[in-house]
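> Before we start, here is the structure in question, set down as structure tokens.
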Amino acid sequence: MKQAKIILMRHGECEGGSIFRGQTDVKLTDTGMAQMQQAFAELQFPISHVFSSPLQRCQQFSQPLTQRLTLPLMTIPALQEIDFGVWDGQSFDAIYQQNPAKFDAYWDNPWSAESTPDKAESVIDFAARVETGLMSVVDELWRSCQQQHSCLLSIDEQQGQNVPQTAQAVDCPHALVITHGGVMRCLMGYVLKVGQSSGLFANLAIPYAAIMVLDVYWPDDVDKVDAFQVTAMNNNTAKVSFTLHWP
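Residue numbers (the numbering used here): 5 to 251.
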């Protein structure tokens with residue numbers, strides 16, 4: 005069985021205060037940058053891949069990090085935060101004062117089309133986008149596993165050795181994904197198969213610079229499966245499974 009790890013990190017504190025930040029492209033505060041640096045320093049995993057949301061509160065950390073690690077930075081637009089439409093960039097207080105009923109309805113059931121803000125991305129569409137982004141990361145890690153395995157086979161063949169079926173494990177790639185709280189909530193719901201749970205948004209606190217880890221597993225026969233594609237949207241099709249570690 006091939007394995008990998010995906011380490012998801014939420015961005016740190018941002019400028020703008022308590023707002024529907026969404027896709028409003030604000031910068032990290034100095035405190036936010038320090039939060040992310042501290043979280044990264046405490047990681048127990050060597051990093052082989054770095055992925056990031058395109059928004060600057062993620063890029064501000066991921067760009068200098070990849071330069072320091074001499075790794076390429078892979079930007080994944082599908083892993084940016086939800087678009088709150090006309091609410092995006094406005095304070096929570098301002099939106100509540102404008103329409104308290106709509107505000108409350110959104111937090112009670114953000115999956116409902118009726119409670120979605122005007123011109124906003126629906127949470128259903130957001131979740132589907134995020135799952136596509138996850139599969140982009142998984143696909144890249146799969147290629148890395150395949151390349152490492154091919155290198156090991158080549159070395160063993162040159163040395164005239166046979167590789168037993170039980171000795172196919174290779175170094176486990178570890179991907180760091182710099183992203184957002186909403187993205188992490190959707191991925192948590194996807195991996196745990198909780199469906200359209202409003203609690204993921206209303207009752208789950210994800211602090212700045214929080215870490216969530218996904219162990220990724222591919223069965224030994226996945227080499228024979230042609231259906232494994234970036235666009236695969238469920239574990240059966242992709243032949244991949246996950247274990248979530250939180251916090």
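We treat Cβ as the ideally placed atom computed from N, Cα and C, and that holds for glycine.
In three-state terms, what does DSSP make of N240?
For N240, the predicted structure reports a pLDDT of 41, less than 50, and the residue's modelled location is therefore unreliable. The matter cannot be settled from this model.
> Specify, as a first and last residue, the run of the beta strand (DSSP E) that T79 falls within.
Where T79 is concerned, the enclosing beta strand (DSSP E) stretches over 77–79.
> Is it a yes or a no for the region 88–102 touching the region 196–208, going by three-plus beta-carbon pairs under 8 Å?
In short, these stretches do not touch, since the Cβ pair count stays below three.
> Taking buried to mean at least 16 other C-beta atoms within 10 Å of its own C-beta, is V181 buried or exposed?
With 16 or more Cβ atoms within 10 Å of its Cβ, V181 is classed as buried.
> Could you name the residues of the same chain whose beta carbon sits closer than 8 Å to that of N90, not counting the 5 residues immediately before and after it, in chain order?
A small fix is needed here, since residue 90 is Val in this sequence, not Asn. P121, D122, K123, A124, listed in sequence order.
> With contact counted as at least three CB pairs below 8 Å, one residue from each stretch, are the region 99–111 and the region 62–79 in contact?
Contact between the region 99–111 and the region 62–79 is absent, because fewer than three Cβ pairs lie under 8 Å.
> For the candidate residues D92, F44, D87, L73, whose alpha-carbon lies nearest to that of H53?
For the residues D92, F44, D87, L73, the minimum Cα distance to H53 belongs to L73.
> Are the beta-carbon atoms belonging to M13 and I215 less than 8 Å from one another?
Taking 8 Å as the Cβ cut-off, M13 and I215 qualify as a contacting pair.
> For the candidate residues F246, V244, H178, whose alpha-carbon lies nearest to that of I11?
When only C-alpha atoms are compared, the closest one is H178.
> In terms of residue numbering, what span does the beta strand (DSSP E) encompassing I11 cover?
Run containing I11: 6–14, per the beta strand (DSSP E) assignment.
> Give the single residue among V141, Q151, G203 whose Cα lies nearest to the Cα of V220.
Answer by Cα proximity: V141.
> Can the beta-carbon of V46 be found closer than 8 Å to that of T33?
Sequence check: residue 46 is Glu here, not Val. Not closer than 8 Å, so no.
> Please report the distance separating the alpha-carbon of W115 from that of P211.
W115 and P211: Cα-Cα distance of roughly 22 Å.
> Helix, strand or coil: which one does DSSP assign to Y212?
Coil at Y212, not helix or strand.
> Output the distance between the C-alpha atoms of A82 and G185, rounded to the nearest integer angstrom.
Whole-angstrom Cα-Cα distance: 14 Å.
> Candidates Q7, C62, A209: which alpha carbon is nearest T255's?
Outside the modelled stretch of the chain, which goes from 5 to 251, sits residue 255, for which no answer is possible.
> Where does D224 sit, in a helix, a strand or coil, going by DSSP?
Reduced to three states, the DSSP call for D224 is helix.
> Quick one: is the Cβ of Q152 within less than 7 Å of any heavy atom of the ligand GTP?
The ligand GTP is absent from the structure shown, which contains no ligands of any kind.
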